[in-house]
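Structure, as structure tokens:
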Amino acid sequence: MHLTRFFQTLETNFPLSGVRSVLAEKIGTDLVSALERARLLSVLRVADTYPCPQPGGEGCPRHVVETEHGSYVAVCGNDLVECGDVRLTLKEVELLGIVPLRLLEELRSPLKLGGTVREMAGLAQAYQVGFFIPRPAIKHPIYFLAAASAVQYAAVLEALRSRAEGGSFAVIIPTDRFLAPETARQFRTLGIPVISLADTIRLSPAGTLEATTNVLDLFAAIGRRTAGPATEVFAEVLTAEGWKSFTEKEYRDLASTAGRYQIFADERARTACKLEGRKRKSTKSIQPSFFRMLRKAAETSGRFDPNVNGLTEEQLSGKQVFQRARQAIDLKRASGWALFKTEQVDDHAEYLFRPDADVEFALIFLPKS
């Protein structure tokens, strides 16, 4: 079941609540029932008011009154009564609503997030939903915002960016209809994707929330800054924080700090430098195919088979190219390789990009054409 109407209504009525008849009018009877069964809509309490067919006056809408017999009546509160009394059952006067923390907890499973949900102090209708952890030691905060104007979205997004102090994160919002296209483009160039839940989440037949796309693809843009229209991408860099696109100045600034990394490899210069014990070992004139092979492995979300996914134009097999590339660039430790792990699958070896948590590395690649 698609949840577009639900997310649209949630965005403009946050946190969403109302008696069943009101919610059914806003999002549909079937969806109200499905969300109740999924425990995403909860009974909050008995409603104080009940809608009028032709509302008017200070005493409108009708006030809900409990009788001595335990039943309920909705009465007009105007001095000159404009609407007749309506007798109601308990089910009809129950106030249904979304509990934001509970909804966000339910979203964590389909989005594969770790951590805990918490409100963002000082930011209206903003929450941290948890962390996206693509690999050990890499944690990207994921935030939720709900707003009903482009100005409000832009302001809260900028506040989150300021608080992050250059860190990488993503933001999920109910829909993108109030998000200005220029705001979305601006944050995308900063490596901060803003993701619409209406396009991403649906209700499964089992009554649980599920993602309509691969989560790794969904959050792949985190930290991957892109050049603006007047800026040329000079290099693409992979560190423990993820992928980023660098200008020429940013690339040269990074190269000047190579000594702080245990592994520093540069496709532009065709060099690699790694710290082995207390000695720093440098290698020059590294073959371009080595960088291409390791990039393919690093971009693969699961295990990488160089003989299948890393075909080369050379006479060497993909496996030979990968192993020589790893020998030149990766760091061998007592526990194994620091960046690219070996896993035995059936009768052959495959490889997994899973950097050790304590390794500082920077892999610089030429931009993709």
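Throughout the sequence shown, residue numbering follows numbering that gives the first Met the number 0, covering 0 to 368 in sequence. Where is the CB? At the ideal position from N, CA and C, for every residue including glycine.
If you follow the beta strand (DSSP E) that residue 44 is part of, which residue opens it and which one closes it? Looking at the DSSP string, the run of the beta strand (DSSP E) that includes residue 44 is 41 to 45.
Please list the segments of the beta strand (DSSP E) lying wholly inside the stretch 223 to 291, counting only runs of 3 or more residues, in order along the chain. If only complete runs of 3 or more residues are kept, the stretch 223 to 291 shows the beta strand (DSSP E) at 234 to 238, 241 to 245, 262 to 265, 270 to 275 and 278 to 282, in order along the chain.
Could you check how far apart the C-beta atoms of residue 15 and residue 97 are, in whole angstroms? I think they sit under 8 Å. With a beta-carbon spacing of about 5 Å, residue 15 and residue 97 fall inside the 8 Å limit used to define contacts.
Using three-state DSSP, classify residue 15 as helix, strand or coil. In the structure shown, residue 15 sits in coil (DSSP, three-state: anything other than H, G, I, E or B).
Considering residue 129, what are the terminal residues of the alpha helix (DSSP H) in which it resides? No alpha helix (DSSP H) holds residue 129; the beta strand (DSSP E) holding it covers 125 to 134.
Cβ-based burial, residue 167 [other Cβ within 10 Å; buried from 16]: Burial check for residue 167: the Cβ neighbour count within 10 Å reaches 16 or more, so the residue is buried.
Please specify which runs of the alpha helix (DSSP H), each continuous and at least 4 residues long, are wholly inside the stretch 86 to 169, giving them in chain order. The qualifying runs are 89 to 92, 99 to 107 and 149 to 163.
When you compare each of 139, 163, 171 and 94 to residue 126 by their alpha carbons, which one comes out closest? Distance from the Cα of residue 126 is smallest, within the candidate group 139, 163, 171 and 94, for 171.
Would you please verify whether the beta carbon of residue 123 is less than 8 Å from any beta carbon of chain C? In the structure shown, chain C does not exist; there is a single protein chain.
What separation, rounded to the nearest whole angstrom, lies between the Cα atoms of residue 332 and residue 138? A straight-line Cα-Cα distance of about 24 Å links residue 332 and residue 138.
Using 8 Å as the threshold, is the C-beta distance between residue 80 and residue 106 below it? Taking the C-beta atoms as reference points, residue 106 is found no nearer than 8 Å to residue 80.
Bridge partners for residue 362 per DSSP, in chain order? BP columns for residue 362 point to 237 and 264.
Tell whether a beta-carbon distance below 8 Å holds between residue 338 and residue 285. Not in contact: residue 338 and residue 285 (Cβ atoms no closer than 8 Å).
Between the beta-carbon of residue 330 and the beta-carbon of residue 275, is there less than 8 Å? Yes, Cβ-Cβ distance for residue 330 and residue 275 is below 8 Å.
Take residue 19 as the anchor and find which of 257, 122, 91 and 4 has the nearest alpha-carbon. Comparing C-alpha distances from residue 19 to each of 257, 122, 91 and 4 shows the shortest one belongs to 91.
Express the C-alpha separation of residue 235 and residue 290 in angstroms, rounding to a whole number. For residue 290 and residue 235, the distance between alpha carbons rounds to 12 Å.
Between the Cα of residue 136 and the Cα atoms of 356, 365 and 360, which residue gives the shortest distance? In terms of CA proximity to residue 136, 356 leads the group 356, 365 and 360.
Since I believe residue 196 is in contact with residue 180 (beta carbons under 8 Å), could you give me their beta-carbon distance rounded to a whole number of angstroms? Not really, about 18 Å apart at Cβ, beyond 8 Å.
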